[in-house]
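Contents: one structure, followed by commentary.
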Amino acid sequence: MTFRLATWNVNSLKVRLPHLLDWLARAKPDAVCLQETKTEDANFPLVELQGAGYQAVFCGQKAYNGVAILAHAMPTEVQHGIPDFPDDPKRVIAATVNDVRVVCLYAPNGQALGSDKYQYKLRWYEALAAWLEDELRRNPRLAVLGDLNVAPEDRDVHDPKRWAGQIHVSEPERAAMRKLVDIGLADAFRLFEQPHKEFSWWDYRLAAFQRNWGLRIDHIFLSPQLAQRCIACTIDKSPRKLERPSDHAPVVADLQ
DNA sequence: ATGGCTTCATAGTGAAGA
């Protein structure tokens, strides 16, 4: 029996609900972290998801952001936001699913180097790493999933020269992500040999998906205990090929 | 080529995403 964990930035749960239901039926994940639900809690499609066999905890708002954790088992010990980091956007939800502490994240985009939003992104990462360091001590079975909005290395970028120094790949952002991983987490995707040029996001413009002009910015980070149990991690590009897709593809990890 | 596409909030376009 494996435990399948996944993360997917759906870019509007309302628009993507048919794709999500189709994907849940095909991929059969045990727990899924969603980002950019762009849905107020009152409008969350709980009935439809329960009909597909999933419980859900969620934290949303109108128009932007919004995160959720879906699972076959009812998530417990739900936490919203980073403790002691007041933040209006709904970017963080954590819950326990079976014996795994699941943290679902939607990192700030950062917009442009040197902007206020960039500074906010770096501050957010700082607070996140401090919190998760503590969370890891309390929960040896910790899984951190989400749209982290950073491509950690040049091999996670379709054209490193074109992207050099840009948002999502700048050195301060990569340092912030390394600091997060260095609390003792493993990038599940890099535990395995992977094809070259595997990405999780492609711009809607310029037929970027068809040209595989993408970035790997959606991640699954695992505590040592879970990394030891991890037997596979892949990016599922199939929903990106559908009509009116999310610009992100799901990332999936299987635990023994 | 500083655009290109998509979403949402709007009822014209504009902001934001990445």
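So the mapping is simple: the numbering used here equals the position in the first sequence, first residue as 1, plus 4.
Virtual Cβ for every residue (Gly too), placed ideally from N, Cα, C.
Please tell me whether N102 and A77 are closer than 8 Å, where the distance is taken between their beta carbons. yes
Buried or exposed by the 16-neighbour rule on C-beta atoms within 10 Å, applied to V173: buried
Starting from the C-beta of Q115, find all residues in its chain whose C-beta is less than 8 Å away, skip the five residues before and the five after it, and write them out in chain order. K121, Y122 and I171
Around the Cβ of D222, are there at least 16 other Cβ atoms within 10 angstroms (buried) or fewer (exposed)? buried
Between which two residues does the beta strand (DSSP E) holding E81 run? T80 to H84
Can you tell me where the beta strand (DSSP E) with L74 in it begins and where it stops? V71 to A75
If you reduce the DSSP assignment to three classes, tell me which class H162 lands in. coil
Thinking C-alpha only, which one of L219, E197 and E137 is nearest P87? E137
In chain order, what residues of the same chain lie with their CB nearer than 6 Å to the CB of F7, ignoring the 5 residues before and after it? D34 and L259
Suppose the cutoff is 7 Å on Cβ atoms and the five residues either side in sequence are ignored; what does the same chain contact list for R20 look like? V14 and S250
Please name the residue or residues paired with H252 in a DSSP beta bridge. W205
Determine the direct distance from the alpha carbon of K183 to that of P90, and round the result to whole angstroms. 21 Å
Who pairs with I224 in a beta bridge, going by DSSP? L149
For the alpha helix (DSSP H) that V51 lies in, which residues bound it at each end? L50 to G55
Identify whether L219 lies in helix, strand or coil by the three-state DSSP scheme. strand
If I'm right that A180 touches Y129 with Cβ under 8 Å, what's the distance once you round it to whole angstroms? 4 Å
Any 3 or more C-beta pairs closer than 8 Å across the region 152–166 and the region 239–258: no
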